[in-house]
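Here the sequence shown stands for residues -23 to -1, 1 to 232, numbered as in mature numbering (1 follows the signal peptide of the UniProt record, and there is no 0).
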Amino acid sequence: MMRISHIASIAFAATFACSVLEAAVVTVTPSSTNWANPPGENGAGGSSSITNTSPRSGNGSVEMFGDRTRFVGLGNFYDSSSNIGLLSDLSSFTFDWSVALDSISALGPNYTPALRLHLWDGLQRSELIWEGAYNALGTITKGDWYTTGASDNFWQFQSGIGVTAVYDRDISDWQSIYSQNAYIAGISVGAGSSVGSDYHAFADNVTLTWKNGDSSTYNFETQKQQVSDTGSTSLLGLLALSSLIAARRFNYWKR
């Protein structure tokens, strides 16, 4: 009986360790190859890049200027062969954002950056887009950081068709409208168009969470932190400690 207790304790520690590892933080730097600001995604002086102007979780974030820009990750959303996962498997899609103190928006003072899921469903390309205007944010404070919610609203743009004029659907609502075969070809943060060339904002910690419990948070940094392995070391230490405690309990009850 005591041997079973010992094994169960070790199994619990291993399970806990695995569950933590499923929530991955991916550091994205300017040299990373799976995130970029394609030249064709900028308009009227717009641009986006990883800088240290307004660091969020470390030493950097994505800095964006209007009129139009997209900072694209994990795939080429114009290519139907780009596939990072089924829309139906997605649980939530969130990010952190901030509007710069010096920003001037042609779309009103509370205009936010946008977060996009780029999708293919059969031959139809589309986007699900988060913007603050459709999430009852009210007045925003420039220079402050905000985090979007797992049940926030997204609106839809379809290539060749245009905007679907429904603005109160969350990810789960859209999943019931798309087919089960719809998939995510890429993701992006950005601004505009038509927000004006004086628009200035930031984004960080773009997070994809899946229904199986896995999640990936893309943390934008100008360079990788030297202590990036601390979390892994601590986790291994926790697992070892749990096993040691379990072993001592087993030896105690053997007496």
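Ideal Cβ positions, reconstructed from N, Cα and C, are used throughout, including at glycine.
Predicted model, so just to flag it, every value in this text is computed and none were measured.
Secondary structure of residue -12, DSSP reduced to three states = Here residue -12 corresponds to residue number 12 of the sequence shown, with the count starting at 1. Because residue -12 carries a pLDDT of 43, less than 50, the predicted location of this residue cannot be relied on, and the following value inherits that uncertainty. Looking at residue -12 - three-state DSSP - the assignment turns out to be helix.
Could you round the C-beta distance between residue 50 and residue 97 to whole angstroms and report it? I think they count as a contact, below 8 Å.
-> Here residue 50 is taken as the residue at index 73 of the sequence shown, counted from 1. Here residue 97 is taken as the residue at index 120 of the sequence shown, counted from 1. Contact doesn't hold; Cβ gap of about 16 Å is too wide.
Is DSSP giving residue 185 helix, strand or coil here?
-> Residue mapping note: residue 185 aligns to position 208 of the sequence shown, counting from 1. Of the three classes helix, strand and coil, the one that applies to residue 185 here is strand, per DSSP.
Please name the residue in 132, 65 and 162 whose C-alpha comes closest to that of residue 156.
-> The sequence position of residue 156 within the sequence shown is 179, counting from 1. Per the Cα distances, 65.
Per-residue DSSP class, three states only, for residue 21 = Position 44 of the sequence shown, counted from the start, is the residue given in the question as residue 21. Coil, per DSSP.
Proximity winner among 69, 40, 31 and 174, relative to residue 188 (alpha-carbon distances) | If you number the sequence shown from 1, residue 188 lands on position 211. Nearest option by C-alpha distance: 69.
Beta-carbon proximity check, residue 174 vs residue 43, cutoff 7 Å = Against the sequence shown, residue 174 aligns to sequence position 197. Against the sequence shown, residue 43 aligns to sequence position 66. For residue 174 and residue 43, yes; Cβs fall inside 7 Å.
Counting along the chain, where does the beta strand (DSSP E) carrying residue 98 start and finish?
-> Residue 98 sits at position 121 when you count from the first residue of the sequence shown. Its beta strand (DSSP E) spans residues 91 to 98.
For residue 180, I'd like the list of residues in its chain whose CB is within less than 6 Å of its CB, leaving aside the five on either flank, ordered along the chain.
-> For the purposes of this step, residue 180 is taken as the residue at position 203 of the sequence shown. Around residue 180: 39, 72, 74, 90 and 166.
Would you check if the region 146 to 153 and the region 113 to 120 touch, i.e. whether three or more CB-CB distances between them fall below 8 Å?
-> no
Could you please give the first and the last residue of the uninterrupted alpha helix (DSSP H) stretch that includes residue 149?
-> For the purposes of this step, residue 149 is identified with residue 172 of the sequence shown, where counting begins at 1. That run of the alpha helix (DSSP H) goes 148 to 152.
Quick one: Cα of residue 129 to Cα of residue 8, how far?
-> Here the question's residue 129 lines up with position 152 in the sequence shown. Here the question's residue 8 lines up with position 31 in the sequence shown. Rounded to whole angstroms, residue 129 to residue 8 spans 32 Å at the Cα level.
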